[in-house]
């Protein structure tokens with residue numbers, strides 16, 4: 065997320081977050097909204113700083129841009145969902161960068177972006193459960209998935225996407241100065257209406273299926289975004 069956002073963008077984002085907080089399913093992660101907006105000056109944070117921070121965090125990189133350290137601002141479940149059945153699997157995580165960009169993820173899947181320079185994913189929908197949420201490491205998880213995606217600029221709404229998942233290999237990555245062996249999966253996506261195909265990648269923890277790293281296309285004709293989980297979100301029952 066490059067530093068291209070003015071004060072108007074920042075105020076808009078604050079207003080958006082304030083409205084979001086009116087929901088009775090709203091979960092605020094500590095009192096760190098100000099810190100998540102201000103961010104930290106160094107985008108290569110030490111492992112000890114990450115570990116000692118009370119906030120969940122990720123590294124984000126959009127193709128050739130710099131690597132940004134991004135903190136979790138909000139965790140929110142759908143407004144229609146009873147609080148008694150809210151879990152980590154259905155909570156949307158809202159990550160805010162120091163330059164007022166925002167990502168929304170669920171189970172490691174990118175759902176939405178705000179204030180990115182070249183364009184934004186507005187939403188992704190499906191009547192089927194996302195295989196990423198079910199756990200790509202499980203033999204019972206379907207390898208086919210259908211979804212629709214909306215994005216800007218211009219007015220791209222409800223473009224059908226056909227996904228096929230496949231296991232690639234076990235890979236060892238170094239995250240927070242520690243080697244971790246993950247299972248890499250590929251998602252091949254076909255967008256038939258505009259004759260575009262692309263691939264997303266997900267690196268998951270084989271013990272629980274949690275996405276630790278991903279490389280996802282923001283939209284069929286937009287850039288890729290690389291997200292690496294540094295300190296994962298831990299669901300807290302607030303009932």
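Numbering (my numbering), first residue to last: 65 to 303.
Backbone N, C-alpha and C fix where the C-beta goes; we use that ideal spot for every residue, glycine too.
Model, not experiment: these values are computed from the prediction.
query	result
Around the C-beta of residue 266, are 16 or more other C-beta atoms found within 10 angstroms, so that it is buried, or is it exposed?	buried
Let me check you understand the geometry: is the CB of residue 183 closer than 7 angstroms to at least one non-hydrogen atom of the ligand ZN?	Judged by which ligands are present, the structure shown has none, so any question about the ligand ZN falls away.
Just how far apart, CA to CA, sit residue 221 and residue 264?	20 angstroms
Ignore the nearest five residues each way along the sequence and tell me which others in residue 205's own chain have a CB closer than 7 angstroms to its CB.	195, 198 and 199
DSSP beta-bridge partners for residue 189?	212
What are the start and end residues of the alpha helix (DSSP H) that includes residue 112?	111–116
Below 8 angstroms, can you find three or more Cβ-Cβ pairs linking the segment 121–141 to the segment 285–295?	yes
Looking only at its own chain, which residues have a Cβ that is under 6 angstroms from the Cβ of residue 262, when we skip the five neighbours before and after it?	253 and 281
Taking one C-beta from the segment 182–194 and one from the segment 207–214 each time, how about it: are there three or more such pairs within less than 8 angstroms?	yes
List the DSSP bridge partners of residue 263.	252
Start and end of the beta strand (DSSP E) containing residue 137?	132–140
Given a cut-off of 8 angstroms on the beta-carbon distance, is the pair residue 172 and residue 278 in contact?	yes
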